[in-house]
Each structure stands twice: as C-alpha cells, then as structure tokens.
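Take the sequence shown: its letters are residues 106 to 357, numbered as in our numbering. In this text, a Cβ means the ideal position worked out from N, Cα and C, and glycines have one as well. Note that the coordinates shown come from a computational prediction; the quantities given were computed from them, not determined experimentally. Below you'll find the structure, written out as structure tokens, and then a few comments.
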Amino acid sequence: MSGGLLAGRTAVVTGGSSGIGLASARLLATEGATVTIAGRSEQRLAAAAEELGPGTRWIATDLSSAAGAARLAAALREHGTTAIDILFANAGASNAPELFDTTEETFDQVIDTNLKSTFFTVLECAGLLADHASVILTASVGYHNGRIGDPLYNAAKAGVRALGRGFAAQPEFLQRSIRVNTVSFGAVATPMTGAGAPEYEAALQEWAETEVPLRRWAEPVEAAGAVLFLAGPHSTYLTGAEIPVDGGLVQL
Ligand SMILES: NC(=O)c1ccc[n+]([C@@H]2O[C@H](COP(=O)([O-])OP(=O)(O)OC[C@H]3O[C@@H](n4cnc5c(N)ncnc54)[C@H](OP(=O)(O)O)[C@@H]3O)[C@@H](O)[C@H]2O)c1
C-alpha cells in the first residue's frame with residue numbers, strides 16, 4: 106500500500122504473531138508501514154507474515170533474555186533495517202503460577218518474559234530508532250488494583266509502565282523527539298486470555314458481563330487502535346503517557 110497514515114514508515118512489533126501484536130501489525134501495515142514481527146515460534150511467525158502480506162518480515166527469537174533481544178536487533182540490521190520509526194515492544198505472557206506455588210524459577214520466568222524482554226528490546230533497538238520514532242510498550246491495567254490478574258504478572262507490567270516513563274525521560278530520546286508511551290490493556294480476547302477455547306467461553310463471557318463496565322471483551326483490533334494512534338501523526342505531543350484500553354475495567 107503506498108498511501109496511508111504510515112506510508113514509508115518502518116515498524117517492528119514484538120509478539121506480532123498472535124493476538125494484540127498481530128492485530129496491531131495488521132493495522133500498521135494497512136496504513137502503509139513496512140512491518141517486521143518477532144516472537145519465538147517460527148511456524149506462527151511465518152503464518153502471520155503470510156497473512157500480513159508481501160514485505161512483512163519475521164524474526165524468531167526468545168525475547169526473555171538480553172541475548173534474545175540482541176538477536177532481534179542483529180537480525181534487523183542483517184535485513185537492512187537502518188531506522189525504526191515504530192517499535193511496539195509487546196511480547197509477553199500471563200505465565201504466572203498460582204501465587205503460593207511460585208518458585209524462584211517461575212518468578213524469573215514471569216519477570217523475564219514481561220519486564221526484562223521489554224527493557225532489552227528497547228535497549229537493543231535504541232541504536233536503530235529514527236528521529237521522531239514512536240516507542241510503544243505493552244502493560245496491563247491489572248497493576249492498578251489488587252483484584253484483577255496475578256500479583257507477579259501485574260508487578261512485571263507495573264515495571265513496564267515505569268520503564269515507559271523512564272525511557273521517555275531520557276535526554277537521548279527527548280533531543281531526537283523519540284516518544285515512549287505505554288498502552289495498558291484490560292480484557293482483550295486473544296489466545297493468552299483463552300479466547301476461542303470452547304471450554305472457557307461461558308465463564309469468560311460471564312466474567313466480562315459482571316466485571317467489565319462495557320460488559321464484553323475487546324476484539325484485538327480495538328487494542329490495536331490505540332497502538333495505531335500512538336504510532337501515527339495524531340499523537341506527536343504525547344510522551345511518557347499511559348493509555349488504558351480496558352472497557353472501564355479499572356477506570357470506573
Ligand atoms: N489479552 C489481554 O487481555 C492482555 C491484557 C493485558 C496485557 N496483555 C499483554 O499484551 C501482550 C500481548 O498479549 P496477547 O493477549 O496478544 O497474547 P498472545 O495472543 O498470546 O500473544 C503473545 C505474543 O507474544 C509472543 N511471545 C510470548 N513470549 C515471548 C518471548 N519470550 N519471546 C518472544 N515473543 C514472545 C508470542 O509468540 P510466541 O509464543 O511464538 O513467542 C505471541 O506472538 C502481552 O504482553 C500481554 O501480557 C494482554
């Protein structure tokens with residue numbers, strides 16, 4: 106596509122093979138961006154890239170380690186990427202065990218998958234960011250109260266939100282008009298939240314009707330809308346901000 110809000114822009118979407126990341130990659134590509142998606146499963150990435158269309162690249166890497174994030178940046182350079190305009194650091198998983206069953210190993214897994222991955226994705230890609238780039242981080246509204254989600258997962262996402270402020274404040278970014286914002290999602294129907302699994306359908310619907318003021322789960326494209334806003338030309342005075350996309354779950 107030659108026109109569109111993001112024509113000529115280069116976007117990198119981690120966790121772009123599924124759910125919110127895939128829907129965001131689709132919207133960014135529809136608006137003209139050239140998109141690279143990243144995740145662990147080659148199979149899922151290849152299928153997503155095929156769906157997203159020609160020009161979409163994919164990079165398989167486990168972002169839960171600094172080395173995995175370094176592989177992402179190295180592969181981007183190998184593919185000839187010299188300037189990233191949109192970096193959506195979105196990879197993550199709700200992989201916390203039952204709270205009182207947490208071991209040091211599972212603690213590290215949750216923090217590494219959600220917080221360390223975000224930190225090193227931004228750090229490793231920082232040298233590739235174009236002037237005026239938009240960096241978008243994925244957090245969760247779960248950290249705003251104690252009742253929704255897992256405490257450890259929410260702590261990791263609260264850390265992501267803190268990274269969003271801290272990265273945004275860096276003089277290196279401010280001098281080059283590189284903006285860093287966070288989107289905190291609530292209840293988005295994706296594989297991570299059990300969407301499409303018949304055994305969970307009734308319970309998920311009942312939960313949303315009871316707990317979510319808008320009385321339903323968001324479609325992934327509704328999450329992607331906030332990402333497009335932050336990626337595009339209508340949010341150029343926003344940095345360090347957080348947009349909750351949660352149907353009112355913890356805002357009301
Ligand atoms: N859905 C919600 O209601 C909700 C609410 C709040 C926050 N979030 C956050 O939104 C983000 C996207 O979640 P989703 O709901 O779209 O889930 P999803 O459909 O399961 O997608 C997760 C994506 O992240 C990738 N990923 C997971 N672990 C990774 C790792 N270690 N290294 C590289 N890639 C990894 C997955 O690919 P592979 O498995 O192949 O690696 C997949 O592409 C996550 O950070 C999640 O915590 C979601």
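Report task. Return helix, strand or coil for GLY271, following the three-state DSSP convention. Result -> Taking the sequence shown and counting its residues from 1, one reaches residue 271 at position 166. Here GLY271 sits in helix by DSSP.
Query raised in the report: Taking the C-alpha atoms as reference points, what is the distance between GLY330 and PHE212?
Result: By 1-based counting over the sequence shown, the position of residue 330 is 225. By 1-based counting over the sequence shown, the position of residue 212 is 107. Roughly 32 Å between the two C-alpha positions.
Query raised in the report: Between PHE224 and the rest of its own chain, which residues show a CB-CB distance below 7 Å, the 5 nearest in sequence each way excluded?
Result: Taking the sequence shown and counting its residues from 1, one reaches residue 224 at position 119. Here the set comprises LEU268.
Query raised in the report: Nearest to GLN148 by CA position, among THR166, ARG131, PRO303, ALA194, is which residue?
Result: Looking up residue 148 in the sequence shown gives position 43. For GLN148, the nearest C-alpha among the options comes from THR166.
Report task. Could you check the C-alpha separation between THR243 and ILE216 for me, to the nearest Å? Result -> Residue mapping note: residue 243 aligns to position 138 of the sequence shown, counting from 1. Residue mapping note: residue 216 aligns to position 111 of the sequence shown, counting from 1. Those two C-alpha atoms are separated by around 14 Å.
**Report entry** Same chain, Cβ closer than 7 Å to SER122, five either side skipped, listed in chain order
**Finding:** Mapped onto the sequence shown, residue 122 falls at position 17. ILE142, GLY144, SER146, ARG149, LEU150, ALA153.
Query raised in the report: Among the residues of its own chain, which have a CB less than 6 Å from the CB of GLY109, if the five just before and after it don't count?
Result: In the sequence shown, residue 109 corresponds to position 4, counting from 1. Closer than 6 Å at Cβ, skipping near neighbours: GLU136, GLY137.
Report task. Excluding the 5 residues preceding and the 5 following ALA128 in the sequence, name in chain order all residues of the same chain whose CB lies nearer than 6 Å to its CB. Result -> What you label residue 128 is simply residue 23 of the sequence shown in a count that begins at 1. Same-chain partners within the cutoff: PRO325, VAL326, ALA329.
Query raised in the report: Any heavy atom of ligand 1 within a distance shorter than 7 Å of the CB on ASN286?
Result: As a first step, residue 286 is located in the sequence shown; it is residue number 181 there, counting from the start. No; taking the cut-off as 7 Å, the Cβ of ASN286 has no heavy atom of ligand 1 nearer than that.
Query raised in the report: Does the distance from the C-beta atom of PHE193 to that of ILE241 stay below 8 Å?
Result: Counting from 1 along the sequence shown, the entry for residue 193 is found at position 88. Counting from 1 along the sequence shown, the entry for residue 241 is found at position 136. Yes.
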